[in-house]
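The structure appears below as structure tokens.
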Ligand code: PEP
Ligand code: MG
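In our numbering, the protein residues as written are 10 to 766.
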């Protein structure tokens, strides 16, 4: 018997190498493979069963009766072979007949043999076959022999997939280890319902070659990949000091631990010693770990396993150079995208016609990816634990964000319930659509201005769909986010002109670029450098004033696009009045320059600012006289007031918008603006939620700029509201705040029949 697992595997793989390269049929190859394994492992029998037509069929054997080949078939879960495939586990028995799952197949003549060992042949985490050995003597196979068998199974998976010997994935159905229906719950990020097939944002790497040509070269590839992975993790850790979206501390600590785990590296190295390629070695170690973990039922360990899977996949992607996301590969059907987290630019890369929904393991309500998804009308369920473990690539998923849940591989009953809810929601949508031409007027005749937030060209159509009063926030950076390179002035101008044309008489407020924070541009990375706290760093107006080439080009594009009409422009992240003055001066200089060229300029320019940095609230007396309007960005404002990163999933539910701090703050700003006769709008996500919008109206807000999907529900709320009553209750609540303002307001709204959803 060979001395070590590596040498047994190595011997088999060296001999398999020739078999694989030979120009013979797949069947002939399999016949050779069983002979080689039986020989090296000194077993009387070696057999290969493959999945065909849903059954495990004996494809090749050395030692059993040849008449049984392609005749003996077993269902998943039937007999020892079926059990191995179903559970994706290894069996090693000295007396096969004593196992409760043993099923005797007389045509094989296997009654002669006592000992039995079998391992699954795995492809994409699914068992596509089983390779087993049997022996007359009742002996257990040594650990090294089992390992050799597992290594061979990897190579077989390549051989049989290339030869098309097995059922394709669709015929096989979803993963063997779990085909049951699941209901997952999470946090509502973007409301809506959708169904589609699961697609992983970062797909698993498919291993093309398993047998190495040059072991030393493979070793170097793994070493280099480890170095690169460590670098990546270190960089992520340094960027994450303030909680860069998605990668939070704990996970990174765990990643770091794995990246420097010598045991892991050693095991991969050993697998390379046995003759596997770098990719196959990583996968081989991962398969072994998975099998072990399956036997331990510990949720904490399962979580760690999930992190290790992530790391192994990362390592595989580096080593194989398969770095693209599923967006680059293209979506083939209606898709529910699965990811730990996403950046807004990554989301925008997907084909909007096929992307039906997103499920994130992390995510928060005001992260830009959520805002972008909302703008795209793509429902998002966030904070779903272990999603990538429970859902398999290609599984059918029904997403019902309204219920904060998703159904995976749904049962007929789940599908029925989903359809029923879909019908109700479509009816509600139809009712909302019918409200399109009704004005947002309260029961006591107060007219509320409802505008939409936009950023993409297609969003403008929402003005007509919703009947909104205008665009209260046009996020110009979205064009920058979706471009591979910096959009030139002409391209910017074209977009702005199209938007103004489509809006007609309705006002559009363009916000100059707010880049930085969680809206990083790959082509600007060198400039922003490595920031510890990008949300509080060199972003928005700060960056724009310093890189004034960017601001000047945008100013020109806006001024030219609005020639002969009114241009409304506002600046993001203004913290002190001088920043507004400087930004305005850039626009004014550009206007003068255009006029000097004898070209048309806007008939009027309305200048405004966002209030999202609390410091600005202390200098309103200085800045208000210069403003035509002010817009409160509650997304950033909240993160700065509470010192709570808006993209950090751990803080996603910690602070409530309906808290005395936020509401009193907004009330104070609103009153000051009204006293100075400066229109004030809320343009953060807060205003798009019916209960929050009601509270805002109660503290004096009369203008909301919200996501298009929120227009109808907010309008319905407004039309069922008595503004005097609302102001009264808000005064009372803010004078003596109860422990839970939200609960109190929900109750109050119910009593007053205010339509809250
Ligand atoms: C805000 O901060 O509330 C806002 C509207 O701007 P953004 O979400 O784009 O940062
Ligand atoms: Mg903001």
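The beta carbon of each residue, even a glycine, is placed where N, CA and C say it ideally should be. The model shown is predicted, which means the values in this text are computed figures rather than measured ones.
{"Query": "Taking a cut-off of 7 Å, which residues have a beta-carbon closer than that to any heavy atom of the ligand MG, in chain order?", "Result": "523, 581, 582, 619, 621, 642, 644, 645"}
{"Query": "How far does the alpha helix (DSSP H) with residue 489 in it extend, from its first residue to its last?", "Result": "486-491"}
{"Query": "Compute the Euclidean distance between the alpha carbons of residue 366 and residue 194, then round it to the nearest angstrom.", "Result": "15 Å"}
{"Query": "Count the other CB atoms, across all protein chains shown, that sit within 10 Å of the CB of residue 541; report buried if there are 16 or more and exposed otherwise.", "Result": "exposed"}
{"Query": "I need the straight-line Cα distance from residue 562 to residue 510, nearest angstrom please.", "Result": "21 Å"}
{"Query": "According to DSSP, is residue 197 helix, strand or coil?", "Result": "strand"}
{"Query": "Identify every run of the beta strand (DSSP E) within the segment 32-79, keeping only runs that are complete inside it and at least 3 residues long; order them along the chain.", "Result": "54-61, 64-71"}
{"Query": "Go through the segment 448-531 residue by residue and report every complete run of the beta strand (DSSP E) that reaches 3 residues or more, in order.", "Result": "458-463, 480-484, 517-520"}
{"Query": "Along the chain, which unbroken stretches of the beta strand (DSSP E) at least 3 residues long are found entirely within the segment 366-411?", "Result": "389-391, 405-409"}
{"Query": "From residue 74 to residue 55, what distance separates their C-alpha atoms?", "Result": "12 Å"}
{"Query": "Could you pull out every unbroken alpha helix (DSSP H) segment of at least 4 residues lying fully inside the segment 683-761, listed in chain order?", "Result": "699-707, 717-728, 732-744, 750-760"}
{"Query": "Please classify residue 598: does DSSP put it in a helix, a strand, or coil?", "Result": "helix"}
{"Query": "CB-CB under 6 Å to residue 693, same chain, minus the five flanking residues each way: which ones, in chain order?", "Result": "642, 643, 644"}
{"Query": "Using beta-carbon positions only, say whether residue 573 and residue 609 come within less than 7 Å of one another.", "Result": "yes"}
{"Query": "Identify, in the order they occur along the chain, each residue of the same chain with its Cβ nearer than 6 Å to the Cβ of residue 227, setting aside the five sequence neighbours on each side.", "Result": "221, 281, 286, 287"}
{"Query": "Check whether the Cβ of residue 692 lies closer than 6 Å to any heavy atom of the ligand PEP, and answer yes or no.", "Result": "yes"}
{"Query": "Check this for me: beta carbons of residue 565 and residue 606, under 7 Å apart or not?", "Result": "no"}
{"Query": "What number of angstroms, rounded off, separates the C-alpha of residue 181 from the C-alpha of residue 98?", "Result": "The predicted model places residue 181 with a pLDDT of 49, which falls under 50 and marks its position as unreliable, so this point remains unresolved."}
{"Query": "Pick from 425, 456, 329, 65: whose alpha carbon is nearest that of residue 91?", "Result": "65"}
{"Query": "Nearest by alpha-carbon distance to residue 762: which of 727, 505, 587 is it?", "Result": "727"}
{"Query": "The alpha helix (DSSP H) with residue 282 in it runs from where to where?", "Result": "271-282"}
{"Query": "Around the C-beta of residue 25, are 16 or more other C-beta atoms found within 10 angstroms, so that it is buried, or is it exposed?", "Result": "buried"}
{"Query": "Which one or two residues does DSSP pair with residue 614 in a beta bridge?", "Result": "576"}
{"Query": "What residue does the alpha helix (DSSP H) around residue 430 start on, and which one ends it?", "Result": "421-443"}
{"Query": "Residue 364 and residue 346 look like a contact to me (Cβ under 8 Å); what is the Cβ gap, rounded to whole Å?", "Result": "6 Å"}
{"Query": "Closer than 6 Å by C-beta to residue 150: which residues in its own chain qualify, once you throw out the five before and the five after it? Chain order, please.", "Result": "101, 126"}
{"Query": "So, do the segment 116-133 and the segment 26-44 have three or more beta carbon pairs nearer to each other than 8 Å?", "Result": "no"}
{"Query": "Where residue 567 and residue 505 are concerned, what is the direct C-alpha to C-alpha distance, given to the nearest angstrom?", "Result": "6 Å"}
{"Query": "Any idea if residue 696 is buried or exposed, counting beta-carbon neighbours within 10 angstroms, 16 or more meaning buried?", "Result": "buried"}
{"Query": "What is the C-beta distance between residue 659 and residue 459, in whole angstroms, given that I count them as a contact (C-beta under 8 Å)?", "Result": "Contact flag wrong, Cβ pair sits at about 33 Å."}
{"Query": "With DSSP as the reference, please indicate the residues paired to residue 130 in a beta bridge.", "Result": "138"}
{"Query": "Quick check: the segment 72-89 against the segment 101-120, are there 3 or more CB pairs under 8 Å?", "Result": "yes"}
{"Query": "Which residue from 583, 296, 29, 613 puts its Cα closest to that of residue 159?", "Result": "296"}
{"Query": "Among the candidates 132, 208, 653, whose CA atom is the shortest distance from the CA of residue 162?", "Result": "132"}
{"Query": "Would you kindly work out how many angstroms separate the C-alpha atoms of residue 146 and residue 216, rounded to a whole number?", "Result": "37 Å"}
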